[in-house]
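Peer 1: Residue 0 is where the sequence shown starts when you use numbering that gives the first Met the number 0, and the numbers rise one by one after that. Think of the CB as a built atom: it goes at the ideal place given N, C-alpha and C, for glycine as much as any other residue. In this text, all values refer to a predicted model and were calculated from it rather than measured experimentally. What follows is a structure written as structure tokens; I'll ask about it next.
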Amino acid sequence: MSSIMLILITRTTRMLSSLTEAMKQRQAEWFTNRSGYSSFRVEVIESDDGYTAIISRRTGYSSRDWHYQQLASAGHFSSARKALHAGRQMAQQMAGLRYRFD
């Protein structure tokens with residue numbers, strides 16, 4: 000009985016760690032506009048009552064002249080996955096529509 004529980008806990012831990020790693024990789028993804036000057040990404044922040052998706056903007060053409068700023072919030076969500084999804088959509092829209100030629 001205890002060996003079954005140990006196997007179950009081990010598999011669950013592996014699955015959760017791979018899910019966490021996948022979310023970190025998706026959070027690090029930058030969406031760049033057509034001019035290549037502005038890039039946007041989502042950062043998911045955990046709070047007491049849920050998760051908040053914050054859009055960050057990076058301006059500049061190379062790592063020597065990049066400037067970072069928090070641009071907007073995509074809302075407050077009950078799960079990190081929903082926050083990441085909504086934030087990615089907003090970051091793509093910022094790069095493709097609002098700041099397209101900035």
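1. Contact between the region 27 to 36 and the region 52 to 60 is defined here as three or more beta-carbon pairs at a separation below 8 Å; is this criterion met?
2. Would you mind reading off the limits of the beta strand (DSSP E) that contains leucine 83?
3. Indicate whether arginine 40 and glutamate 28 have their beta-carbon atoms separated by less than 8 Å.
4. Which residues in the same chain have their Cβ closer than 6 Å to the Cβ of methionine 10, if we skip the five residues on either side of it in sequence?
5. With burial defined as no fewer than 16 other Cβ atoms inside 10 Å of the residue's Cβ, what is the status of isoleucine 3: buried or exposed?
6. In three-state terms, what does DSSP make of serine 72?
7. With C-beta atoms as the reference, is alanine 52 less than 8 Å away from alanine 94?
8. Can you give the Cα-Cα distance for methionine 89 and isoleucine 44, rounded to whole angstroms?
9. In whole angstroms, what separates the C-alpha of serine 78 from that of serine 46?
10. Just to confirm before moving on: does the CB-CB distance between tyrosine 50 and phenylalanine 76 stay below 8 Å?
Peer 2: Taking the geometry as given:
1. yes
2. Here residue 83 corresponds to residue number 84 of the sequence shown, with the count starting at 1. Not the beta strand (DSSP E): leucine 83 falls in the alpha helix (DSSP H), residues 79 to 92.
3. Indexing the sequence shown from 1 puts residue 40 at position 41. Indexing the sequence shown from 1 puts residue 28 at position 29. Yes; because the gap between Cβ atoms is below 8 Å, this pair is in contact.
4. Position 11 of the sequence shown, counted from the start, is the residue given in the question as residue 10. The sequence given here has arginine at residue 10, not methionine. Hits under 6 Å: none found.
5. Position 4 of the sequence shown, counted from the first residue, corresponds to residue 3. Counting Cβ neighbours within 10 Å, isoleucine 3 comes out exposed, since fewer than 16 surround it.
6. In the sequence shown, the residue the question calls residue 72 occupies position 73. It is a strand residue.
7. Working through the sequence shown from its first residue, we reach residue 52 at position 53. Working through the sequence shown from its first residue, we reach residue 94 at position 95. Not in contact: alanine 52 and alanine 94 (Cβ atoms no closer than 8 Å).
8. On the sequence shown, position 90 is the one that residue 89 refers to. On the sequence shown, position 45 is the one that residue 44 refers to. Between methionine 89 and isoleucine 44, the C-alpha separation is close to 16 Å.
9. Residue numbering aside, residue 78 sits at position 79 when the sequence shown is read from its first letter. Residue numbering aside, residue 46 sits at position 47 when the sequence shown is read from its first letter. One C-alpha to the other measures close to 11 Å.
10. Numbered from its first residue, the sequence shown carries residue 50 at position 51. Numbered from its first residue, the sequence shown carries residue 76 at position 77. It is a contact, given that the beta carbons lie within the stated cut-off.
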